[in-house]
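Student:
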Amino acid sequence: NAGVTQTPKFQVLKTGQSMTLQCAQDMNHEYMSWYRQDPGMGLRLIHYSVGAGITDQGEVPNGYNVSRSTTEDFPLRLLSAAPSQTSVYFCASSANADTQYFGPGTRLTVL
Amino acid sequence: DQQVKQNSPSLSVQEGRISILNCDYTNSMFDYFLWYKKYPAEGPTFLISISSIKDKNEDGRFTVFLNKSAKHLSLHIVPSQPGDSAVYFCAAGGGSNYKLTFGKGTLLTVNP
Numbered sequence: 001n002a003g004v005t006q007t008p009k010f011q012v013l014k015t016g017q018s019m020t021l022q023c024a025q026d027m028n029h030e031y032m033s034w035y036r037q038d039p040g041m042g043l044r045l046i047h048y049s050v051g052a053g054i055t056d057q058g059e060v061p062n063g064y065n066v067s068r069s070t071t072e073d074f075p076l077r078l079l080s081a082a083p084s085q086t087s088v089y090f091c092a093s094s095a096n097a098d099t100q101y102f103g104p105g106t107r108l109t110v111l
Numbered sequence: 112d113q114q115v116k117q118n119s120p121s122l123s124v125q126e127g128r129i130s131i132l133n134c135d136y137t138n139s140m141f142d143y144f145l146w147y148k149k150y151p152a153e154g155p156t157f158l159i160s161i162s163s164i165k166d167k168n169e170d171g172r173f174t175v176f177l178n179k180s181a182k183h184l185s186l187h188i189v190p191s192q193p194g195d196s197a198v199y200f201c202a203a204g205g206g207s208n209y210k211l212t213f214g215k216g217t218l219l220t221v222n223p
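Quick mapping for you: the protein sequence lines, in order, are chains A and B.
Here the first sequence stands for residues 1 to 111, numbered as in this note's numbering.
Here the second sequence stands for residues 112 to 223, numbered as in this note's numbering.
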């Protein structure tokens, strides 16, 4: 099992550009989520999904879109990148309401 | 409104001694609590959890204590080892929606 994988590991964007952060898991978990980690802010939930075709907003959803067409994949889209979206992004998956398994993260810089 | 608070941004202890990391919460609907450990340039990894029906859970050197009346939990690491040096996040969840709320983290440094 690869667990939770994220691509790319690093990305630099210019303001206004769009991109998709990829997340995949091979554990057949129904629940997947996206977090961002900023200095002094901990982990903040962006969007989450409780199964294919079902998504919902978390604490900081503005500027991000998600979709869940398969159990395995949960991409995060930035439609028009802003410097405030410079952060480290983590994807996580879970089979139950207890343990969430995190990917290695994507470090995004928006200039 | 911060529902999960870790008031100590950092903690430094000597190898072999006890490390105590604290976490407070405000939402009475939380019914399970977790601790995650994070090394630089890696994703958080699950460490230990506790349900609200318990007041203690132990796993090797790690013990989590829950005081529901005080809305407080703590993570004890005994004995502390240099490899325990990392950022520790407290997280809480409630109901069946699998959403977790994280604290801001505490950087633990264990000195040899």
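Each residue gets a CB set at the ideal place from its N, CA and C atoms; glycine is no exception.
As the structure is a computational prediction, the values presented were derived from the model and not from experiment.
Return no unless some Cβ of chain B is closer than 7 Å to the Cβ of serine 67(A).
Tutor: In the first sequence, residue 67(A) corresponds to position 67, counting from 1. Not one chain B Cβ lies under 7 Å of serine 67(A).
Student: If you run the structure through DSSP and keep just helix, strand and coil, what is glutamine 85(A)?
Tutor: For the purposes of this step, residue 85(A) is taken as the residue at position 85 of the first sequence. If DSSP states are grouped into helix, strand and coil, glutamine 85(A) belongs with the helices.
Student: Excluding the 5 residues preceding and the 5 following tryptophan 34(A) in the sequence, name in chain order all residues of the same chain whose CB lies nearer than 6 Å to its CB.
Tutor: The residue you call residue 34(A) lines up with position 34 of the first sequence. Closer than 6 Å at Cβ, skipping near neighbours: Ile46, His47, Leu76 and Cys91.
Student: Give me, in chain order, the residues of the same chain whose beta-carbon lies closer than 6 Å to that of aspartate 73(A); leave out the 5 immediate sequence neighbours on both sides.
Tutor: Mapped onto the first sequence, residue 73(A) falls at position 73. Only Ala24 meet the Cβ criterion.
Student: Between the Cα of threonine 106(A) and the Cα atoms of His29(A), Val88(A) and Ser93(A), which residue gives the shortest distance?
Tutor: Looking up residue 106(A) in the first sequence gives position 106. Taking only the C-alpha atoms, the option nearest threonine 106(A) is Val88(A).
Student: How far does the beta strand (DSSP E) with glutamine 125(B) in it extend, from its first residue to its last?
Tutor: One-based indexing of the second sequence puts residue 125(B) at position 14. From DSSP, the beta strand (DSSP E) with glutamine 125(B) extends over 121-125.
Student: Thinking just about the alpha-carbon of each residue, which of Lys167(B), Val115(B) and Pro190(B) is nearest to the one in leucine 43(A)?
Tutor: In the first sequence, counting from the first residue as 1, residue 43(A) sits at position 43. When each option's Cα is compared against that of leucine 43(A), the closest is Val115(B).
Student: Helix, strand or coil for glycine 58(A)? Go by DSSP, reduced to three states.
Tutor: Counting from one through the first sequence, the residue named residue 58(A) turns up at place 58. Coil.
Student: Go ahead and pull the three-state DSSP assignment for glycine 16(A).
Tutor: Counting from 1 along the first sequence, the entry for residue 16(A) is found at position 16. Coil at glycine 16(A), not helix or strand.
Student: For methionine 32(A), list the residues DSSP reports as bridge partners.
Tutor: As a position in the first sequence, residue 32(A) is number 32, starting the count at 1. Looking at the DSSP assignment, methionine 32(A) forms a beta bridge with Ser49(A) and Ser93(A).
Student: Select from Ser180(B), Phe144(B) and Leu158(B) the residue whose C-alpha is nearest the C-alpha of phenylalanine 173(B).
Tutor: Counted from its first residue, the second sequence places residue 173(B) at position 62. Taking only the C-alpha atoms, the option nearest phenylalanine 173(B) is Leu158(B).
Student: Along the chain, where does the beta strand (DSSP E) containing isoleucine 131(B) start, and where does it finish?
Tutor: Working through the second sequence from its first residue, we reach residue 131(B) at position 20. First-last of the beta strand (DSSP E) with isoleucine 131(B): 130-136.
Student: Helix, strand or coil, according to DSSP, for glycine 204(B) in the structure here?
Tutor: If you number the second sequence from 1, residue 204(B) lands on position 93. Strand at glycine 204(B).
Student: Could you say if the stretch 173-183 of chain B and the stretch 117-130 of chain B meet the contact criterion of at least three C-beta pairs nearer than 8 Å?
Tutor: Segments in contact, no.
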